[in-house]
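The structure under discussion appears below in the form of structure tokens.
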Amino acid sequence: MAFSSASLPTFDLAAALMPELVIIAAVAEDNRVIGQDKDLPWHIPEDLKRFKQLTTGHPLLMGRRTFESIVHQFGGPLPDRKMVVLTTQDDYEAYPEVDTYASVDAALTALPDDATVFIGGGESVYEQFLPHADRLELTLVEGAYEGDTFFPPFEHLIGDVFEETAVDARDGFRFVTYERKNVDAD
1286 MAFSSASLPT
1296 FDLAAALMPE
1306 LVIIAAVAED
1316 NRVIGQDKDL
1326 PWHIPEDLKR
1336 FKQLTTGHPL
1346 LMGRRTFESI
1356 VHQFGGPLPD
1366 RKMVVLTTQD
1376 DYEAYPEVDT
1386 YASVDAALTA
1396 LPDDATVFIG
1406 GGESVYEQFL
1416 PHADRLELTL
1426 VEGAYEGDTF
1436 FPPFEHLIGD
1446 VFEETAVDAR
1456 DGFRFVTYER
1466 KNVDAD
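Quick note, the sequence shown lines up with residues 1286 to 1471 if you use our numbering.
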């Protein structure tokens, strides 16, 4: 019997060699605010606990300003996860245990193909990754807040690109998971 490659399953090699990209953010539901003066405009201990639980043990990619606000708030890089910082500053030095890259492509190429990479902001980093994200782990905070940093519009993607797969409603906020639909599953 002759071998036929036509009977073999096909897959997208580029997608198979990419890390899973998960955007994680706390977002004001009414106006998409995510920050004010390099800080969160709210204090939700459950959100911080969830952030730690989800990101521990995984690469956490963020922009330079977000990284610097974390260092200012916590005294250094977050423990128990590989911190990856995107910056356009050629001479930027973070910490020895923190990797810095000038481009998204360079950062993703350096990460293991089988990694789950969490994208932790800020605004421009979220904008760059939203079209490529496999999953969104959002804390939707009720109301509108004063802010100077915003999550990109994503509502138009719900239904066509992403589907809501989990909701955990709390007092004043809710944890929501959106997963990218598999367009080839039909």
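Using N, Cα and C, we set each Cβ at its ideal position, and we do this for glycine too.
Since the model is a prediction, treat every value here as computed from it, not as a measurement.
For residue i versus residue j, is the C-beta distance shorter than 9 Å?
i, j, result
"Phe1435", "Val1307", "no"
"Gly1406", "Gly1457", "no"
"Val1369", "Leu1346", "yes"
"Ala1313", "Ala1429", "yes"
Please classify residue i as buried or exposed, where buried requires at least 16 neighbouring CB atoms within 10 angstroms.
i, result
"Phe1336", "buried"
"Glu1408", "buried"
"Asp1315", "exposed"
"Leu1333", "exposed"
Classify residue i as helix, strand or coil using the three-state DSSP reduction.
i, result
"Gln1374", "coil"
"Val1410", "helix"
"Phe1447", "strand"
"Asp1404", "Here the sequence assigns Ile to residue 1404, which means Asp is not the residue at that position. Three-state DSSP puts Ile1404 in a strand."
"Asp1365", "coil"
"Leu1396", "coil"
"Phe1352", "helix"
"Leu1306", "strand"
Thinking C-alpha only, which one of the options is nearest residue i?
i, options, result
"Ile1329", "Glu1464, Lys1466, Arg1455, Arg1465", "Arg1455"
"Asp1232", "Gln1413, Tyr1463, Asp1398, Thr1401", "Any answer about residue 1232 is impossible in this case: the structure gives the chain only from 1286 up to 1471."
Since I believe residue j is in contact with residue i (beta carbons under 8 Å), could you give me their beta-carbon distance rounded to a whole number of angstroms?
i, j, result
"Pro1326", "Glu1431", "6 Å"
"Leu1415", "Pro1397", "Actually they are not in contact, since the Cβ atoms of Leu1415 and Pro1397 sit about 22 Å apart, beyond 8 Å."
"Asp1365", "Thr1401", "Asp1365 to Thr1401, Cβ: 14 Å. No contact."
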